[in-house]
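Reading the sequence shown from the start, the letters are residues 1 to 432 in UniProt numbering. Each residue gets a CB set at the ideal place from its N, CA and C atoms; glycine is no exception. All values reported here derive from a predicted model rather than from experimental measurement. Okay, so here's the structure we're looking at.
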Amino acid sequence: MRVGVIADDLTGANATGVKLSKQGLFAVTFLGNGRIPYNEKEMAVCIDTDSRYVSFDTSKKRVQESLGKLQDWNTDLICKRIDSTFRGNIGQELDTILDTLYEDAAIVMCPSYPASGRMTIGGYLLVDNQLIQVTDIANDPIQPIKSSFVPKLVEDQSDRDVGLISIHQVEQGGDVIRSEIERYISKGHQIIVCDAISEKNINDVAYAMSQIKHAQLIPADPGPLTNAYIRHTNNKNVHPEADFLLTIGSVTSLTTKQIEYLLSELKIEPVIVRPAALATLSSSWEEEVNRAVRETEKLLKKQSFLVVTTNSPEQKLVDLNRIAATENVSKDLLAKRITEGLAEISRKIILKSNQKIDKCFFSGGDVTASFCERVGAEGIDLKGEVMPLAAYGELLGGEFNGLSVITKGGMVGSHTAILDSIKYMQSLAKRR
Numbered sequence: 001m002r003v004g005v006i007a008d009d010l011t012g013a014n015a016t017g018v019k020l021s022k023q024g025l026f027a028v029t030f031l032g033n034g035r036i037p038y039n040e041k042e043m044a045v046c047i048d049t050d051s052r053y054v055s056f057d058t059s060k061k062r063v064q065e066s067l068g069k070l071q072d073w074n075t076d077l078i079c080k081r082i083d084s085t086f087r088g089n090i091g092q093e094l095d096t097i098l099d100t101l102y103e104d105a106a107i108v109m110c111p112s113y114p115a116s117g118r119m120t121i122g123g124y125l126l127v128d129n130q131l132i133q134v135t136d137i138a139n140d141p142i143q144p145i146k147s148s149f150v151p152k153l154v155e156d157q158s159d160r161d162v163g164l165i166s167i168h169q170v171e172q173g174g175d176v177i178r179s180e181i182e183r184y185i186s187k188g189h190q191i192i193v194c195d196a197i198s199e200k201n202i203n204d205v206a207y208a209m210s211q212i213k214h215a216q217l218i219p220a221d222p223g224p225l226t227n228a229y230i231r232h233t234n235n236k237n238v239h240p241e242a243d244f245l246l247t248i249g250s251v252t253s254l255t256t257k258q259i260e261y262l263l264s265e266l267k268i269e270p271v272i273v274r275p276a277a278l279a280t281l282s283s284s285w286e287e288e289v290n291r292a293v294r295e296t297e298k299l300l301k302k303q304s305f306l307v308v309t310t311n312s313p314e315q316k317l318v319d320l321n322r323i324a325a326t327e328n329v330s331k332d333l334l335a336k337r338i339t340e341g342l343a344e345i346s347r348k349i350i351l352k353s354n355q356k357i358d359k360c361f362f363s364g365g366d367v368t369a370s371f372c373e374r375v376g377a378e379g380i381d382l383k384g385e386v387m388p389l390a391a392y393g394e395l396l397g398g399e400f401n402g403l404s405v406i407t408k409g410g411m412v413g414s415h416t417a418i419l420d421s422i423k424y425m426q427s428l429a430k431r432r
């Protein structure tokens, strides 16, 4: 996917680019006179027009030039990065984008950035729970802000009518938001402002945008909406060049949400491993390992992603104390047997695939360690950070020397973290 971001300053261009790089896109910031490398496919190009405090005419010219470069590059998506405190020639630059693109283009604006204390309620922009017009930001010496009502701020600089989707509608979810966007578009509105007070609100707006096919939608925001919209859009383009194994031993509620999101987006089935059958020194351990491997062999014929996990809403918590007393062993030993079972299942799956599987994801540090022990790996050659507390690298030594792996803790990342990890690894493979 090729993503083009137009930002009015370098800080904003960099901030958006960093977010997109965590989705696996090769993100580069260019100054206005920079040349886009035409041989890069999976890439986010963030152009700094340096137009926040210039005249309308200069701003228009720079945005037009940037759009021309992105169109010549055959970008798949255009995005507009705006200041989170609404400084700059925002309305005028949005008009320039709309005037340059096709008639079916429409801009969905979400000025909110909850992680930085920016929220929009009833169309009013709040910074740290204060209306922006009463903050120090409003006293900008070049462009003072005299209103907090976002539709008015845009209309003061734009020739377009501006629609507003209220927090009441946004809180009802993606389907309602989509209907409202479509309603405004049918009325001829090309700029639509959306309230948001949380990351979930922003994600729902992005999802709604991704479901609309009859219009060319452009996110305009400080970064979160663009990031979420590209994630939803790019999910349709996740196609592995080789089969991918995901082994997930974590049973946290966050991991459950991550698995549910992954399965829903990729339309795949998991193999559920019964931890009670692995928490033992009896023959049921080997029987469960072989059963799980047989299940994955069936799935390998119809899907390229294999998810092996003990995490399932139907699974009951294993009473390790009871089993330990029955088998006269320690609870720690039984816990180790579960991770060893997942490791052996993973090892056998890779061997059964004739090592066609060359990318693995492990959630749960104990599972990763057990897998390395099982295959004789001496360690992991670390290559990069996928996200905080999630690392990418290659196995050193053992049966699968050089195997690409991502390791992630069970409490790490948002609900999209596993899918984001897949896309990260795939983008690296495409660059080689």
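Exposed unless 16 or more other CB atoms sit within 10 angstroms - verdict on residue i
i    : result
K22  : buried
R322 : exposed
I167 : buried
A325 : exposed
G376 : exposed
I142 : exposed
Q71  : exposed
D420 : buried
H415 : buried
S427 : buried
Q258 : buried
T85  : buried
K80  : buried
8 Å contact criterion, which residue i and residue j should meet: CB distance rounded
i           : j    : result
V150        : I191 : Going by Cβ atoms, the distance from V150 to I191 rounds to 10 Å, so no, they are not a contact pair.
V54         : E93  : Wrong, their Cβ atoms sit about 11 Å apart, outside the cutoff.
residue 435 : S148 : Here the chain comprises residues numbered 1 to 432, so residue 435 is not present and cannot be evaluated.
V193        : G91  : Rounded, the Cβ-Cβ distance is 11 Å, inconsistent with contact.
Residue i, DSSP secondary structure in three states
i    : result
A292 : helix
I268 : coil
R160 : coil
D381 : strand
M425 : helix
F86  : coil
E394 : strand
D48  : strand
M209 : helix
T252 : coil
E241 : For E241, the predicted model reports a pLDDT of 47, less than 50, meaning its position is unreliable and no value from the coordinates is stated.
T226 : helix
C372 : helix
Q71  : helix
Rounded separation between residue i and residue j - CA only
i           : j    : result
C46         : K19  : 11 Å
S66         : P313 : 49 Å
A115        : E295 : 42 Å
Q169        : T120 : 13 Å
A417        : N227 : 13 Å
residue 437 : S253 : No answer is possible for residue 437: it lies beyond the span of the chain, which begins at 1 and ends at 432.
F305        : Q216 : 31 Å
P388        : G409 : 10 Å
L320        : L25  : 43 Å
G174        : R231 : 15 Å
A369        : L395 : 11 Å
residue 439 : I345 : In this structure the chain extends from 1 to 432, so residue 439 is not present and cannot be described.
T49         : T407 : 38 Å
L245        : D358 : 8 Å
Residue i at chain C interface by Cβ criterion, 9 Å
i   : result
R35 : This model lacks chain C altogether, as it is built from one protein chain only.
Pairing CB atoms from the region 109–125 with CB atoms from the region 217–228, are three or more of them under 8 Å? yes
At least 3 beta-carbon pairs within less than 8 Å: the region 91–102 vs the region 23–36: no
Quick one: any contact between the region 127–136 and the region 70–83, if contact means 3 or more CB pairs under 8 Å? no
Under 8 Å: do the region 200–217 and the region 268–279 share three or more Cβ pairs, one atom per stretch? no
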